[in-house]
Amino acid sequence: MKIISKSRIGMASDKLDCDEFMKNQNKIRATLLRIMRNSAGVRLRCSEIF
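Per full-length UniProt numbering, residue 1 is the first one in the sequence shown, and the count goes up by one each step.
So this is what it looks like as structure tokens:
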């Protein structure tokens, strides 16, 4: 997964590029949060078992 640097926003030729970029960033962030939440939940269940 390639993370685009902040300078990319400055170089965006038009607003559409920026909107698309921000949408992708939010999607990535949401996915990462979901993964972290899931792994935390699994860890919690495992510790309850043992």
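Beta carbons are placed, not taken as given, at the ideal position from N, Cα and C, and that holds for glycine. Every value quoted in this text rests on a predicted model; they were computed, and no experiment measured them.
Give me the Cα-Cα distance between residue i and residue j, rounded to the nearest whole angstrom.
i, j, result
"V42", "M36", "10 Å"
"R45", "T31", "21 Å"
"E20", "I28", "12 Å"
"L16", "Q25", "14 Å"
"residue 67", "C18", "Only positions 1 to 50 of the chain appear in this structure, which leaves residue 67 out of reach."
"K23", "N38", "23 Å"
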